[in-house]
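Visitor: Structure below; questions to follow.
Numbering (my numbering), first residue to last: 4 to 163.
Next up, the structure:
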């Protein structure tokens with residue numbers, strides 16, 4: 004119950020105003036939006052790796068949100084075209100390795116907007132057009148479900 008109220012409050016705020024480079028994709032059905040919230044983000048600075056590309060994010064919330072972080076991943080969309088960004092912390096299946104999205108880096112003060120802005124910042128600061136080490140094996144093992152709950156990432160690379 005608390006989670007749905009919190010998500011509804013965030014939705015109302017995002018419907019009235021979103022930060023630059025962040026677009027609310029579909030909010031016509033609150034129940035569906037709660038289950039699979041989608042946002043488009045783009046890098047605002049002139050990063051040659053990403054240009055003017057936009058990327059689609061899918062948010063999934065548990066009933067424990069905001070105590071527990073949402074599951075967030077990039078997804079591929081055909082129309083309008085959205086791909087998975089090439090980044091050392093983003094796997095080919097869209098799973099994002101970012102401490103903010105894990106239990107150790109998450110705090111209930113964070114929200115959809117702060118997650119989107121953190122991901123914008125992560126992409127903006129990237130200088131390496133490459134996949135994470137072990138990407139092929141990771142994708143083979145985890146598939147394309149985008150489920151990240153319970154994954155144990157090691158956050159040891161703060162250079163990108």
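Every residue gets a Cβ at the ideal spot worked out from N, C-alpha and C, and that includes glycine.
(1) Nearest CA to the CA of residue 81: which residue from 20, 59, 101?
(2) Determine the contact status of residue 43 and residue 26, defining contact as a CB-CB distance below 7 Å.
(3) Contact between the stretch 133 to 142 and the stretch 103 to 114 is defined here as three or more beta-carbon pairs at a separation below 8 Å; is this criterion met?
(4) Whole angstroms are fine: how far does the CA of residue 128 sit from the CA of residue 15?
(5) Under three-state DSSP, which class holds residue 41?
(6) Can you list, in chain order, the residues of its chain whose CB lies under 7 Å from that of residue 21, leaving out five sequence neighbours each side?
(7) Nearest chain D C-beta to residue 99 closer than 7 Å, yes or no?
Guide: This is what the structure holds:
(1) Locating residue 81 in the chain shown gives position 78, where the first residue counts as 1. Comparing Cα positions, the closest option is 59.
(2) As a position in the chain shown, residue 43 is number 40, starting the count at 1. As a position in the chain shown, residue 26 is number 23, starting the count at 1. One thing to note: residue 43 has its Cβ within 7 Å of the Cβ of residue 26.
(3) When C-beta atoms of the stretch 133 to 142 are compared with those of the stretch 103 to 114, fewer than three pairs fall below 8 Å, so the two segments do not count as touching.
(4) Reading the chain shown from its first residue, position 12 is the one you call residue 15. Reading the chain shown from its first residue, position 125 is the one you call residue 128. Near 30 Å, if we compare the C-alpha coordinates of residue 128 and residue 15.
(5) Taking the first residue of the chain shown as position 1, residue 41 is located at position 38. In the three-state scheme derived from DSSP, where H, G and I count as helix and E and B as strand, residue 41 is classed as strand.
(6) Position 18 of the chain shown, counting from 1, holds the residue named residue 21. These residues qualify, in order along the chain: 27.
(7) The displayed structure is made up of one protein chain only, and chain D is not part of it.
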